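In the working numbering, the protein residues as written are 5 to 184.
Notes to accompany the following structure.
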């Protein structure tokens with residue numbers, strides 16, 4: 005079974021557990037904290053990927069790192085993953101949880117990459133249009149990238165709408181090469 009399918013199963017189980025315990029928001033914020041902590045530390049990433057490191061050592065490290073910062077239920081879930089040998093896909097499970105949680109809330113994460121900062125009016129119009137098209141609440145994040153030379157790139161999950169000047173120039177170049 006693929007890692008993605010396994011990650012989704014564990015994420016769904018976490019969501020169901022959180023829902024039954026009325027801890028959805030707690031799990032969501034705890035998991036975001038855990039993910040950013042692991043992502044920011046090369047050593048932690050390697051620790052969880054390493055099958056040779058004993059489970060007791062991993063459990064001890066999780067307890068030391070997170071016990072005072074996240075809920076006991078979230079710690080229990082991490083410990084469960086380690087005992088089941090799923091710690092190598094912790095990041096995938098946390099990503100899947102965020103995806104499933106957003107779906108549960110009817111929320112769509114959209115990333116906008118632009119050459120220049122957008123005004124509040126532009127942001128508002130983009131958000132309204134996306135909410136109308138998708139029939140979901142939209143959570144926008146913005147990023148600047150001078151390499152795109154102008155225009156916007158809108159990323160929704162795995163779909164990317166690229167209307168950047170850079171992309172248009174690439175398409176023009178391809179068209180001209182085919183014509184010659």
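All residues carry an ideal CB built from backbone N, CA and C; glycine is no exception.
Just so we're clear, the structure is a prediction, and the values are computed from it rather than from any experiment.
* Going by C-alpha distance, which of 141, 135 and 53 is nearest residue 90? -> Per the Cα distances, 53.
* Asked: From the DSSP output, which residues share a beta bridge with residue 141?
  -> BP columns for residue 141 point to 111.
* Asked: Over what stretch of residues does the alpha helix (DSSP H) that includes residue 21 continue unbroken?
  -> Taken as a continuous stretch (DSSP letters only), the alpha helix (DSSP H) holding residue 21 covers 7-24.
* Asked: What is the DSSP secondary structure of residue 162, reduced to helix, strand or coil?
  -> Residue 162 sits in coil when the DSSP states are folded into three classes, being neither helix nor strand.
* Close Cβ partners of residue 66 (< 6 Å) along its chain, the five nearest in sequence each way excluded -> Result list for residue 66: 82, in chain order.
* Does the Cβ-Cβ distance between residue 12 and residue 100 come in under 8 Å? -> For the 8 Å CB-CB criterion, residue 12 and residue 100 form a contact.
* Check whether the region 114-122 touches the region 146-155, taking contact to mean three or more Cβ pairs, one atom from each stretch, closer than 8 Å. => Touching, yes.
* Which term fits residue 32, buried or exposed, when burial requires 16 or more other beta carbons within 10 angstroms of its beta carbon? -> Within a 10 Å sphere around the beta-carbon of residue 32 sit 16 or more other beta-carbons, which makes this residue buried.
* To do: Give me whichever residues DSSP pairs with residue 118 in a beta bridge.
  => BP columns for residue 118 point to 148 and 156.
* Can you name, in chain order, every residue of its own chain whose Cβ lies under 6 Å from the Cβ of residue 147, other than the five neighbours on each side? -> So the list reads 117, once near-sequence residues are dropped.
* Asked: So which of 56, 69, 57 and 60 has the shortest CA-CA distance to residue 45?
  -> Taking each of 56, 69, 57 and 60 in turn and checking the Cα distance to residue 45, the smallest one comes out for 69.
* To do: Determine the extent of the alpha helix (DSSP H) in which residue 179 is found, giving its start and end residues.
  => Looking at the DSSP string, the run of the alpha helix (DSSP H) that includes residue 179 is 169-183.
* Asked: Would the beta-carbon of residue 96 fall within 8 Å of that of residue 7?
  -> Their beta carbons are under 8 Å apart, which means residue 96 touches residue 7 by this criterion.
* In terms of residues, what are the limits of the alpha helix (DSSP H) holding residue 66? -> 59-70 is the extent of the alpha helix (DSSP H) around residue 66.
* Asked: How about residue 38 and residue 98: do their beta carbons lie closer than 8 Å?
  -> Going by C-beta atoms, residue 38 is nearer than 8 Å to residue 98.
* Going by Cα to Cα distance, which pick from 184, 168 and 102 is closest to residue 29? -> Taking only the C-alpha atoms, the option nearest residue 29 is 102.
* To do: Verify whether the separation of the beta carbon atoms of residue 129 and residue 135 is less than 8 Å.
  => No, the Cβ-Cβ distance between residue 129 and residue 135 is not below 8 Å.
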